[in-house]
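Asker: Dumping the structure here so I can ask a few things about it.
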Amino acid sequence: MVTCGFFSIISGSRRSSSANRAKGHHKEVSVMEGTRVFSYRELRRATGNFSPDNKIGVGGFGSVYKGILQDGTLAAIKVLSAESKQGIDEFMAEITTIADIEHENLVKLYGCCAEGSHRILVYGYLENNSISKTLLDVDDCTIGFSWDTRREICIGVAKGLAFLHEEVRPHIVHRDIKASNILLDCNLKPKISDFGLAKLFPSNMTHISTRVAGTVGYLAPEYAVRGQLTTKADIYSFGILILEIVSGRCNTSKKLASEERFLLEWAWVLHEKGELSRLIDKTMGKDCDTEEACRYLKIGLICTQGMAKLRPSMSAVVRMLKGEVDVEGENISRPGLISEFMSLRGDNGDRLKGRNVSKDSSCTMSGSGNQEDSLFSVDDATTSVATMTFNSVYDDR
Ligand SMILES: Nc1ncnc2c1ncn2[C@@H]1O[C@H](COP(=O)(O)OP(=O)(O)OP(=O)(O)O)[C@@H](O)[C@H]1O
Ligand SMILES: [Mg+2]
C-alpha cells in the first residue's frame, strides 16, 4: 500500500521539516519539501531485500539495484555505501534542489530515503544501461549502434547538458560527464545521470576533494590542475564523449598501439593529417554517414581545445551537431592533453584508467604552442585516486 502523506510546508524551515519527518515516520512514501521520501521498508521490499539478483551495478559510492515500487514503477535504487555524515536535513536540502529538475535527456530522480544511517536515491530505471556498457565495452556490446542512433545520442546528451548549464537556476556544472553516466532508455534515447549531487557528501571525507573530482580521461586540464571549474570543463568532457561515441572505443585503451592509446591525442594526430575518417567505428559499415561523422569528430576537437575560452557553449554545440552552424572552416587549436603533465602514461596511467581522480596541486600555464611541449607545466603535481560518484556543483556565474 502506498501512502502519500503530503506534509504541509509552512515556513520551509529546517525545524518544521524535522517535525514533519517525525510525524510521518510510519509512512511508506511521503513528500518532504516537494521531494518524495521512501521508507527503507518500501525500498527493501522493492528490491527483494536488496537481493544480489537485483543488483545492476556498482559505482564509486555504492550499489545500484533494480526495484519495483509499490505503484508498479520500475526504479534504479542507488544505495550510498559511504556513511554520509550529513544530517537528514542537509541531505534533504541537497536532494530537493535537484528533485524538480526535469528534462527528456536527464535521468529523473523519483525521490530518496534518509532513515537512520541509510541514504538512498531512487531514480527512473533505464532499460539499456550506460553507453559505457552497451557501446564501448567490447565484451558486452549487444546493440549495434547505427550512425543515426549515435547522432541522436550526441544531440540528446548535448541538449541535456545545455539545459543544466543554461536553463536551470542556479546553473549546474555536472563535473563527471562520462560514458557510464549516459544511460539509454528502451528507445536508446540518452539520459544524463548523477547531476547536481556535489554537496551530498561532506568535504572532510578523505577521498573527496572539494577542488577537483572527476574521471581521468575526461578531465579538462584547467580543472584538473588548477581546480578552475566552469561549464567549459563539462564541455571538454563532452568532447571526449563525442570522440568515444563516433569511434566506438574508450578514451584510453591499452590494447592499442601506443600512438593510438589515448583517443584525444590520436584524434588530433589524424586531424592534422587530414585523416579523421580513420577514427570512425568500422562496425557501422556502409550505414555510416562518413562526412557527418567526421564533422562530429571535429566538434569533439573543438570542445576539447586547451584554452577553455575557445570551447563553445553547450547550446552552440547543439547547433553545431544539428548542422545549423558550419564547423568546416573552423580553426581548431591544439587540445588540452592532461596526460602530458600528470604522468598518467605507462603503468600509472593504466592503473588510473577509468577511475576517478582527486587532485590538489598548483600549476603554471606555459602555453608554448610547441607541438612537442605540454600546454601546462605543473608544480608539485601529486595525484590521488578517488572514487567520487556524485560530483556536480552549482555554477554561480
Ligand atoms: N537509472 C538507472 N537505470 C538503469 N541502470 C542504472 C541507473 N543508474 C545506474 N545504473 C547502472 O548502475 C551502474 C552504476 O552506476 P553508478 O552511477 O553508481 O556508477 P558509475 O556511473 O558506473 O561509476 P562512478 O561511480 O565512477 O560514477 C551504471 O553503470 C549503470 O549500469
Ligand atoms: Mg554514475
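Numbering (the working numbering) for the sequence shown: 1446 to 1842.
Ideal placement from N, C-alpha and C gives every residue a C-beta, glycine not left out.
The structure presented is a predicted model; accordingly, all values stated were derived computationally and were not measured.
Which term fits A1702, buried or exposed, when burial requires 16 or more other beta carbons within 10 angstroms of its beta carbon?
Answerer: Within the sequence shown, numbered from 1, the residue matching residue 1702 stands at position 257. Per the 10 Å Cβ criterion, exposed.
Asker: Please tell me whether M1537 and T1579 are closer than 9 Å, where the distance is taken between their beta carbons.
Answerer: The residue labelled residue 1537 in the question sits at position 92 within the sequence shown. The residue labelled residue 1579 in the question sits at position 134 within the sequence shown. In this structure, T1579 does not lie closer than 9 Å to M1537 by Cβ.
Asker: State the beta-bridge partners of H1563 as determined by DSSP.
Answerer: Along the sequence shown, read from residue 1 onward, the residue named residue 1563 stands at position 118. According to DSSP, which records beta bridges pairwise, H1563 is partnered with E1560.
Asker: What residues in its chain sit with their C-beta under 7 Å from that of V1613, if we drop five residues either side in the sequence?
Answerer: Position 168 of the sequence shown, counted from the start, is the residue given in the question as residue 1613. Cβ within range, chain order: I1546.
Asker: The alpha helix (DSSP H) with I1617 in it runs from where to where?
Answerer: Along the sequence shown, one-based indexing puts residue 1617 at 172. Note, I1617: premise wrong, no alpha helix (DSSP H); beta strand (DSSP E) at H1616 to V1618.
Asker: Of all the options R1779, Q1750 and R1740, which has the alpha carbon lying nearest to the alpha carbon of R1764?
Answerer: The residue given as residue 1764 occupies position 319 in the sequence shown. That would be R1740, whose Cα lies nearest to the Cα of R1764.
Asker: Return the CA-CA distance between S1722 and V1714, expressed in angstroms with no decimal places.
Answerer: As a position in the sequence shown, residue 1722 is number 277, starting the count at 1. As a position in the sequence shown, residue 1714 is number 269, starting the count at 1. Those two C-alpha atoms are separated by around 12 Å.
Asker: Please classify E1720 as buried or exposed, where buried requires at least 16 neighbouring CB atoms within 10 angstroms.
Answerer: By 1-based counting over the sequence shown, the position of residue 1720 is 275. E1720 is exposed by the Cβ-count criterion.
Asker: Curious, which full-length beta strand (DSSP E) runs of at least 3 residues does the stretch 1473-1530 contain?
Answerer: Counting only runs of 3 or more, we get 1474-1477, 1480-1483, 1500-1504, 1507-1513 and 1519-1525.
Asker: If contact is defined by three or more beta carbon pairs under 8 Å, each pair taking one atom from either stretch, is the stretch 1763-1780 in contact with the stretch 1591-1605?
Answerer: Yes: at least three Cβ pairs fall under 8 Å.
Asker: Please go through the stretch 1694-1757 and give each complete beta strand (DSSP E) segment of 3 or more residues, from N-terminal end onward.
Answerer: None, since the stretch 1694-1757 contains no complete beta strand (DSSP E) of that length.
Asker: Just how far apart, CA to CA, sit T1675 and G1774?
Answerer: The residue you call residue 1675 lines up with position 230 of the sequence shown. The residue you call residue 1774 lines up with position 329 of the sequence shown. Each residue's Cα considered, the two are about 27 Å apart.
Asker: What do you reckon, are the CB atoms on K1623 and L1686 nearer than 9 Å?
Answerer: For the purposes of this step, residue 1623 is taken as residue 178 along the sequence shown, with counting starting at 1. For the purposes of this step, residue 1686 is taken as residue 241 along the sequence shown, with counting starting at 1. For K1623 and L1686, yes; Cβs fall inside 9 Å.
Asker: With the cut-off set at 9 Å, would you say G1684 and L1746 are in Cβ contact?
Answerer: To locate residue 1684, count along the sequence shown from 1; it is residue 239. To locate residue 1746, count along the sequence shown from 1; it is residue 301. Contact flag set, yes.
Asker: Suppose the cutoff is 6 Å on Cβ atoms and the five residues either side in sequence are ignored; what does the same chain contact list for A1738 look like?
Answerer: Numbered from 1 along the sequence shown, position 293 holds the residue referred to as residue 1738. Here the set comprises V1691 and I1725.
Asker: Nearest to R1490 by alpha carbon, out of G1507, K1511, A1669 and S1475?
Answerer: Locating residue 1490 in the sequence shown gives position 45, where the first residue counts as 1. Minimum Cα distance to R1490 is reached at K1511.
Asker: Going by the C-beta, is I1546 closer than 8 Å to any heavy atom of ligand 1?
Answerer: Counted from its first residue, the sequence shown places residue 1546 at position 101. Checking every heavy atom of ligand 1 against the Cβ of I1546, none is found closer than 8 Å.
Asker: Answer yes or no: do E1597 and Y1485 have a C-beta to C-beta separation smaller than 9 Å?
Answerer: Locating residue 1597 in the sequence shown gives position 152, where the first residue counts as 1. Locating residue 1485 in the sequence shown gives position 40, where the first residue counts as 1. No.
Asker: Does the distance between the C-beta of T1521 and the nearest non-hydrogen atom of ligand 1 fall short of 8 Å?
Answerer: On the sequence shown, position 76 is the one that residue 1521 refers to. Per the sequence presented here, residue 1521 reads as Ala, with Thr not at that position. Correct: A1521 has its Cβ closer than 8 Å to ligand 1.
Asker: Determine the closest residue to D1584 out of C1695, G1641, I1637 and E1539, with distance taken between C-alpha atoms.
Answerer: Taking the sequence shown and counting its residues from 1, one reaches residue 1584 at position 139. Answer by Cα proximity: C1695.
Asker: So W1711 and E1717 are in contact, right, with Cβ under 8 Å, and what is the actual spacing, rounded?
Answerer: Working through the sequence shown from its first residue, we reach residue 1711 at position 266. Working through the sequence shown from its first residue, we reach residue 1717 at position 272. About 11 Å; that fails the 8 Å criterion.
Asker: Under a three-way DSSP split, which group does S1760 fall into?
Answerer: Indexing the sequence shown from 1 puts residue 1760 at position 315. Three-state result, S1760: helix.
Asker: Determine the direct distance from the alpha carbon of S1577 to that of H1563, and round the result to whole angstroms.
Answerer: Reading the sequence shown from its first residue, position 118 is the one you call residue 1563. Reading the sequence shown from its first residue, position 132 is the one you call residue 1577. Roughly 28 Å separates the two Cα atoms.
Asker: Could you spell out where the alpha helix (DSSP H) holding I1687 opens and where it closes?
Answerer: Working through the sequence shown from its first residue, we reach residue 1687 at position 242. Run containing I1687: T1676 to S1692, per the alpha helix (DSSP H) assignment.
Asker: On the three-state DSSP scale, how would you describe L1606?
Answerer: Residue numbering aside, residue 1606 sits at position 161 when the sequence shown is read from its first letter. Here L1606 sits in helix by DSSP.
Asker: For S1575, which residues does DSSP report across the bridge?
Answerer: Counting from 1 along the sequence shown, the entry for residue 1575 is found at position 130. S1575 is bridged to L1628.
Asker: Would you say N1574 and I1637 are within 9 Å of each other, going by their C-beta atoms?
Answerer: If you number the sequence shown from 1, residue 1574 lands on position 129. If you number the sequence shown from 1, residue 1637 lands on position 192. The answer is no: Cβ separation not under 9 Å.
Asker: Throw me the rounded Cβ distance for the T1520 and V1509 pair, which I believe falls under 8 Å.
Answerer: Counting from one through the sequence shown, the residue named residue 1520 turns up at place 75. Counting from one through the sequence shown, the residue named residue 1509 turns up at place 64. Per the sequence presented here, residue 1520 reads as Ala, with Thr not at that position. In fact, because the Cβ distance is near 10 Å, the residues do not count as touching under 8 Å.
Asker: Quick one: is V1482 buried, meaning 16 or more other Cβ sit within 10 Å of its Cβ, or exposed?
Answerer: Your numbering for residue 1482 matches position 37 in the sequence shown. By the 10 Å Cβ count, V1482 comes out buried.
Asker: I'd like to know whether the C-beta atoms of L1514 and E1487 end up nearer to each other than 9 Å.
Answerer: Indexing the sequence shown from 1 puts residue 1514 at position 69. Indexing the sequence shown from 1 puts residue 1487 at position 42. Going by C-beta atoms, L1514 is nearer than 9 Å to E1487.
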